[in-house]
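What follows is a single structure, written as structure tokens, with notes after it.
2 protein chains.
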Amino acid sequence: MNFKESHILILNNVARFIDLTELEKQKYISLLAEVKVKKKAYLMQAGEIAQYEYFIAKGCLKVYTLDEDGAPHISMFAIEDYWTGDMASFMTKEPTRYFIKATEDSELLGISRANYDLLFQEIPKFERFYRKLYQRSLISYIRRSNHGISLDAVERYIAFKKKYPKIVNRITQRDLAAYIGITPEFMSKIISKVNRM
Amino acid sequence: MNFKESHILILNNVARFIDLTELEKQKYISLLAEVKVKKKAYLMQAGEIAQYEYFIAKGCLKVYTLDEDGAPHISMFAIEDYWTGDMASFMTKEPTRYFIKATEDSELLGISRANYDLLFQEIPKFERFYRKLYQRSLISYIRRSNHGISLDAVERYIAFKKKYPKIVNRITQRDLAAYIGITPEFMSKIISKVNRM
DNA sequence: TAAAAGTCTTAAACTAGTTCATTTTTTTTC
DNA sequence: GAAAAAAAATGAACTAGTTTAAGACTTTTA
């Protein structure tokens, strides 16, 4: 059977952890929804209940919350081969506090809550896939939150550029500031300072 | 069969997500090691490779790293019914950067890396258990790191007291400062300020 | 139970990052 | 491709939290 581009990408992603038969592959693909979002459009907005978890086949999105003063705090930039969504809302069916907005035209594959539950019944191997996926996320999450600690803003900026060279050029300085945890004004100062070095 | 206190606790913890037969329970327990740590003793030190993941049956421990200046940053306080360890080191077999130190005499159950792998072979249900455990950790991790954002130190202190009333009284003000992310001196100021309110 | 070690408090001088206001540059839209 | 909107740069005044230092209090240890 011929899979389309985005399906090949997600199957490769899954193949990192589990092997699927041709039939299982087709079954899995049949449980996914194709979603397109134009630049500046929202995939999710605060107050909604997260209906899907997404795999990004193409594009770039930012995941963020707004604090009491209305200032954005970006928790991740999601690009090709990443998973995104709000797992808390997806699992508990409570309203999300996140916005997910495309910063480029993007193509995603989404799994609904119903199909997610079905997946484990139909292909129990996926328990293992998600066990490993969540374990990895947890590790990188813990690493990230621990790494940033005791670094000043300049060091965090340099670390980000080093760790995500592919992302730096695809996002605005403003959004990077909202991710690093400083004001856009201070980000501007940092950049001109670092470039002068 | 009669299980001892700590075994009952861990079986209850597991029962939140999966049902085990009597035989499976015994098999599971047989894969666990009993570990006792006296107050001030280390369960883990930076440089070592994490040999176990631990369940806490009794006591209190702090998990922390030291930054370049030798200042401690506490990432969690672990008490009864919590899991702890360094999952990154446990999985990758790279040396840990963490210290885990008992702040009270403590009793733990540990699973070794070999037995962890064996567990999934012997009782595949545990894929589901860990999938759900990691999912939950991920959710609370994400929530925590997102919640703290844009709160000042006083607000973070108040939030901690509210969220972990059982822990506050069991730890020093110094350790709380190392968790909240401020100096002990500033913590002292905050507390006298909050108490005056 | 005395000494040692660690914790807490207080205060003055300091600094990384914020806030606010204005101008310039870049990107988007029609 | 001109007008509007958003992003970036720059600078001065400000503030939350740090640093350093020293004395008082508490807990641990022998």
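Respectively, the protein sequence lines represent chains Z and S. Per UniProt numbering, the first sequence starts with residue 1, numbered consecutively. Per UniProt numbering, the second sequence starts with residue 1, numbered consecutively. Each residue gets a CB set at the ideal place from its N, CA and C atoms; glycine is no exception.
Quiz prompt | In chain order, each beta strand (DSSP E) run of at least 3 residues that lies wholly inside the UniProt domain "Cyclic nucleotide-binding" (16-137) of chain S | solution = 32-37, 42-44, 52-58, 60-66, 72-79, 99-102, 106-112
Exercise. Select from S:Y134, S:G70, S:D105 the residue whose C-alpha is nearest the C-alpha of W83 of chain S.
Key: On the second sequence, residue 83 of chain S is found 83 positions in, with the first residue counted as 1. Nearest C-alpha to W83 of chain S: S:Y134.
Practice problem: Determine which residues of the segment 129-163 of chain S have a Cβ less than 8 Å from any Cβ of chain Z, and write them out in chain order. | Solution: Y130, R131, Y134, Q135, S137, L138, I139, Y141, I142, R143, S145, N146, I149, S150
Practice problem: Quick one: residues in its chain with C-beta nearer than 6 Å to the C-beta of Y54 of chain Z, no 5 flanking neighbours on either side, listed in chain order? | Solution: Here the question's residue 54 of chain Z lines up with position 54 in the first sequence. Once the five neighbours on either side are set aside, the close Cβ partners of Y54 of chain Z are T84, G85, L108, G110.
Self-check item: Buried versus exposed, by CB contacts within 10 Å (16 or more), S89 of chain S
Solution: As a first step, residue 89 of chain S must be located in the second sequence, where it is residue number 89. S89 of chain S should be labelled buried.
Practice problem: Could you check what DSSP says for D175 of chain Z in three-state terms: helix, strand or coil? | Solution: As a working mapping, residue 175 of chain Z is identified with position 175 in the first sequence. D175 of chain Z falls in the helix class under three-state DSSP.
Quiz prompt | Neighbouring residues, chain S, relative to E127 of chain Z (Cβ below 7 Å) | solution = Looking up residue 127 of chain Z in the first sequence gives position 127. Simply E127, R128, R131.
Quiz item: Can you tell which of S:C60, S:F120, S:L119 has its C-alpha closest to the C-alpha of D105 of chain S?
Solution: Stepping through the second sequence from its first residue, residue 105 of chain S is reached at position 105. Cα-wise, what sits closest to D105 of chain S is S:C60.
Self-check item: Alpha-carbon to alpha-carbon, F120 of chain Z and I69 of chain S
Solution: Against the second sequence, residue 69 of chain S aligns to sequence position 69. Against the first sequence, residue 120 of chain Z aligns to sequence position 120. Residue identity check: residue 69 of chain S is Asp in the sequence provided, not Ile. In a straight line, the C-alpha of D69 of chain S is about 48 Å away from that of F120 of chain Z.
Quiz item: What's the C-alpha gap between K39 of chain Z and K58 of chain Z?
Solution: The residue you call residue 39 of chain Z lines up with position 39 of the first sequence. The residue you call residue 58 of chain Z lines up with position 58 of the first sequence. Cα to Cα, the separation comes out at about 12 Å.
Exercise. List the residues of chain Z that S75 of chain S touches, going by C-beta distances under 9 Å, in chain order.
Key: As a first step, residue 75 of chain S is located in the second sequence; it is residue number 75 there, counting from the start. Here the neighbours are I142, S145, N146, I149.
Quiz item: Mind checking if M44 of chain S is an interface residue toward chain Z, Cβ cutoff 8 Å exclusive?
Solution: In the second sequence, residue 44 of chain S corresponds to position 44, counting from 1. No, its Cβ sits nowhere closer than 8 Å to a Cβ of chain Z.
Exercise. Measuring only between beta-carbons, confirm whether A33 of chain Z sits less than 8 Å from chain S.
Key: Start at 1 with the first residue of the first sequence, and residue 33 of chain Z comes out as number 33. Judged by the 8 Å Cβ criterion, A33 of chain Z is not in contact with chain S.
Exercise. Drop a sphere of 10 angstroms on the beta-carbon of S30 of chain Z, count the other beta-carbons inside from all chains shown, and report buried for 16 or more, exposed for fewer.
Key: Here residue 30 of chain Z refers to the residue found at position 30 of the first sequence. It counts as exposed.
Quiz item: At which residues does the alpha helix (DSSP H) containing S192 of chain Z begin and terminate?
Solution: For the purposes of this step, residue 192 of chain Z is taken as the residue at position 192 of the first sequence. Unbroken alpha helix (DSSP H) run through S192 of chain Z: 184-196.
Practice problem: Along the alpha helix (DSSP H) that carries K163 of chain Z, what are the first and last residues, could you check? | Solution: Residue mapping note: residue 163 of chain Z aligns to position 163 of the first sequence, counting from 1. Residues 153-163.
Practice problem: Select from the segment 84-104 of chain Z all residues with a C-beta closer than 9 Å to any C-beta belonging to chain S, and list them in chain order. | Solution: D86, M87, A88, M91, T92, R97, Y98
Practice problem: Measure the beta-carbon distance from I10 of chain S to R128 of chain S and round it to whole angstroms, keeping in mind my assumption that it falls under 8 Å. | Solution: Looking up residue 10 of chain S in the second sequence gives position 10. Looking up residue 128 of chain S in the second sequence gives position 128. Actually they are not in contact, since the Cβ atoms of I10 of chain S and R128 of chain S sit about 17 Å apart, beyond 8 Å.
Quiz item: If the cut is a Cβ gap below 7 Å, which residues of chain S does T65 of chain Z touch?
Solution: To locate residue 65 of chain Z, count along the first sequence from 1; it is residue 65. Residues of chain S passing the Cβ test: N146.
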